[in-house]
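Asks: Below is a structure I'd like to ask you about.
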Amino acid sequence: MIHIPVGAWDRTDVLSFSLENECGEITEYERGNLIQVDRIDNIFHHDEKITFLKMDIEGAELSALHGAEKTIKRDKPVLAICVYHKREDLIAIPQYIKELVPEYKLYLRAHFPYASELVLYAISE
17 MIHIPVGAWD RTDVLSFSLE NECGEITEYE RGNLIQVDRI DNIFHHDEKI TFLKMDIEGA
77 ELSALHGAEK TIKRDKPVLA ICVYHKREDL IAIPQYIKEL VPEYKLYLRA HFPYASELVL
137 YAISE
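Read in order, the letters of the sequence shown correspond to residues 17 to 141 in our numbering.
Okay, structure coming up:
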């Protein structure tokens, strides 16, 4: 595992990171500390094979997936993507993943009681 001090997003930019709630969130409105964000496709070299992507990034998952489009298509990593932060993510994220890699098998798992934390797994065989 490597640590890269850049937020995952759908473009190269500088955004605000707000700590107004206990989890923190990336926002396009200046309400917090400025942080560098970039596409996952730009962060990793094309000769590096990405085998696993996990995202629990407080509602920024779909934007980050858009920024990882080339990497996901090329490497078909196992994905573990949280889909509970925004209602629309439960539909939009699986649809987008299947558009990128139709052969992915999708699995949904609740990791806490009452299905409060839903994680979508995508596995290509």
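Heads up, the beta-carbon is just placed ideally off N, CA and C, and yes, glycines get one too.
Pull up the distance between the alpha-carbon of K114 and that of L124, whole angstroms please.
Replies: Between K114 and L124, the alpha-carbon positions lie close to 14 Å from each other.
Asks: For I20, report the span of its beta strand (DSSP E) as first-last.
Replies: No beta strand (DSSP E) contains I20, which DSSP labels as neither H nor E.
Asks: Leaving out five residues on either side along the sequence, give the residues of the same chain with a beta carbon under 6 Å from the beta carbon of I139.
Replies: V94 and K121
Asks: Which of helix, strand or coil does DSSP assign to R125?
Replies: Secondary structure of R125 (DSSP, three-state): strand.
Asks: Taking the CB atoms as reference points, tell me whether L69 and I109 lie closer together than 8 Å.
Replies: With respect to the 8 Å criterion, L69 and I109 are not classified as neighbours on the basis of their beta carbons.
Asks: Comparing C-alpha positions only, which one of E119, A24, V99 and I56 sits nearest to S132?
Replies: Of the candidates E119, A24, V99 and I56, the residue whose Cα lies closest to the Cα of S132 is V99.
Asks: Where does K70 fall in DSSP's three states?
Replies: strand
Asks: Does DSSP classify Y137 as helix, strand or coil?
Replies: Note: Y137 maps to strand in three-state DSSP.
Asks: Could you give the C-beta distance for D57 and A96, rounded to a whole number, given that I count them as a contact under 8 Å?
Replies: In fact, because the Cβ distance is near 19 Å, the residues do not count as touching under 8 Å.
Asks: On the premise that I20 lies in contact with I59, defined as a C-beta separation below 8 Å, what is that separation, rounded to the nearest angstrom?
Replies: About 6 Å separates the two Cβ atoms, so the contact holds.
Asks: Could you tell me how far apart the beta carbons of E77 and D105 are, in whole angstroms, since I believe they sit closer than 8 Å?
Replies: Going by Cβ atoms, the distance from E77 to D105 rounds to 6 Å, so yes, they are a contact pair.
Asks: When you compare each of D91, K86 and H101 to E141 by their alpha carbons, which one comes out closest?
Replies: D91
Asks: Do the CB positions of E119 and H101 come within less than 8 Å of each other?
Replies: no
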